[in-house]
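For what it's worth, the UniProt record's numbering labels the leading residue of the sequence shown as 245, then goes sequentially.
Glycine is no exception: its CB is placed at the ideal position from the N, C-alpha and C atoms.
Only a predicted model underlies this, so the values are computations on that prediction, with no experimental measurement involved.
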Amino acid sequence: DMGGHDTYMHKEISEQSDAVDRVLRGRIDDRFSTVHLGGLNLDAREARGIRRVKILGCGTSYHAGMIGAQLIEELARIPADAEPASEFRYRNPVVDPDTLYVAVSQSGETYDVLAAVQELKRKGARVLGVVNVVGSAIAREADGGMYVHAGPEVCVVSTKCFTNTVVAFALLALHLGRIRDLSVSDGKRLIEGLRKLPAQIAEILEGEDDIKKLAEEYAGAQSMMFIGRVRGYPVALEASLKLKEISYIHAEAYPASELKHGPLALIEPALPTVAIVPDDELLEKNRAALEEIKARSGRILAVAHREQEKADHTIVVPKNETELDPILMGIPLQLFAYHTALAMGRDIDKPRNLAKSVTVE
Ligand code: F6R
């Protein structure tokens, strides 16, 4: 049932305020400015003993894991990184008893992720699952974890589950942070930020008509570049993946800082750039990148917290706490990919060559 929407993708994008509300519900503890995650099976002493966090997933879940790793490193000050589960599995990684492994999956059935979990468990590692589908294979295999409560996702490409997974990671990072060195006041600040998300998502979705017009304008492009730095880089990767999956437009994502090391050679009027430009400590650096693109007559669509002069168009998103900004910045680009694909007449819910869950190697 599409509930009045023309596609599941549109329905699922539109549901994100409620979905984020669900992942937050019952988990916030105002008394200690922390988060309760009943299913982690990780007590405070064990949480303090973690020396590294390694996050494993595929596709969109891998991108959500990249943001998760940044959140954990920033809020809990534990070295953390994300890696595609398939790559991890085949490079004979060192499995370390002081590392917390986290497997991320919407379906909970992705074969490469499941196989990585099984290999890790066989070697005695502790593995958590961050999963949407309750009772799925990865949820069952993991030592503990959290459900992201996005609700059923039918469209082949993931949207609301991406957002909810990133929010779930913010909760995990806050939980680990408050057991370690994150202050009460930072805990409070982030909890307030989390509580603002559903209303801010609704505000972004209200801008759909403007995003649709922009998408129609850019739909003729053969190829698009997506750039961002640090928190904005995984957002750029995910936006680029979404666009290529459903519109079949070629898209690349780069850290803005890498442009001058090669991809700048591609910039010309026919190759538009989508730039993630949050109001954070890298704002001036990001603006400098926009200038370099403009100097080569490249068209720029910015996603930012305020109008960007160097950009041809800006989608302005509401500001949250800096650490939480990536949660919101990807949402207008889901709509952008959607309306680009729609303008091109694509089969949005069932893009060619793709399956919803990849249960083979
Ligand atoms: C992208 C997409 C895929 C999945 C990937 C992992 O829109 O849907 O990239 O994210 O196949 O799937 P899960 O999260 O079910 O493990």
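For the set Glu-450, Arg-292, Met-468, Ile-592, the Cα lying nearest the Cα of Ile-423 is the one of Arg-292. Within the UniProt domain "SIS" (458-595), the complete alpha helix (DSSP H) segments at least 4 residues long are 476-491, 527-539, 569-573, 575-587, listed from N- to C-terminus. Not a single heavy atom of the ligand F6R lies less than 8 Å from the C-beta of Glu-461. Of the candidates Pro-341, Leu-545, Ile-316, Leu-545 places its Cα closest to the Cα of Glu-461. In chain order, Ile-311, Arg-475, Val-479 place their CB closer than 6 Å to the CB of Pro-570, counting only its own chain and leaving out the 5 sequence neighbours on each side. If you check the C-beta of Gly-379 against the ligand F6R, you find no heavy atom less than 8 Å away. In this structure the segment 377-392 does not lie against the segment 320-337, because fewer than three pairs of beta carbons, one per stretch, are closer than 8 Å.
Counting C-beta atoms within 10 angstroms of its own C-beta, Gly-472 has 16 or more neighbours from the protein chains shown and is therefore classed as buried. In this structure, DSSP gives Ser-429 a helical state, which the three-state scheme calls helix.
A distance below 9 Å separates the beta carbons of Ala-412 and Val-374. Closest in C-alpha terms to Ala-459, from the list Asp-523, Val-401, Thr-558, comes Thr-558. Set against 8 Å, the gap from the CB of Val-602 to the closest heavy atom of the ligand F6R is smaller. The C-beta of His-307 has 16 or more other C-beta atoms within 10 Å across all chains shown, which makes the residue buried.
Met-390 has Val-374 as its beta-bridge partners, per DSSP. Rounded to whole angstroms, the gap between the alpha carbons of Met-469 and Arg-289 is 45 Å. Shown here, Gly-270 sits in coil according to DSSP, grouped into three states, outside any helix or strand. Sequence-distant Cβ neighbours of Tyr-477 in its own chain, meaning closer than 7 Å and more than five residues away, are Pro-499. The shortest C-alpha to C-alpha distance from Asp-523 to any of Ser-501, Val-561, Pro-507 is the one to Val-561. In this structure, the straight-line span from the alpha carbon of Ser-330 to that of Val-361 is close to 11 Å.
With a contact defined as Cβ atoms closer than 8 Å, Glu-551 and Leu-315 miss out at about 28 Å. Between the segment 428-447 and the segment 521-537, the count of Cβ pairs shorter than 8 Å is below three; the stretches do not touch.
In its chain, beyond the 5 residues on either side, Lys-404 have a beta carbon closer than 6 Å to the beta carbon of Glu-259.
Here the segment 245-260 lies against the segment 391-409, with 3 or more beta-carbon pairs under 8 Å apart. With a cutoff of 8 Å, Ser-484 does not count as near the ligand F6R, since its C-beta is closer than that to no heavy atom of the ligand. In the DSSP annotation of this structure, the continuous segment of the beta strand (DSSP E) that includes Gly-301 starts and ends at 296-301. A direct Cα-to-Cα measurement between Phe-406 and Gln-350 gives close to 8 Å. Around the C-beta of His-583, 16 or more other C-beta atoms lie within 10 Å, and the residue is accordingly described as buried. Asp-325 carries a strand assignment under DSSP once its states are collapsed to helix, strand and coil. Going by C-alpha positions, Arg-333 is about 43 Å away from Lys-554.
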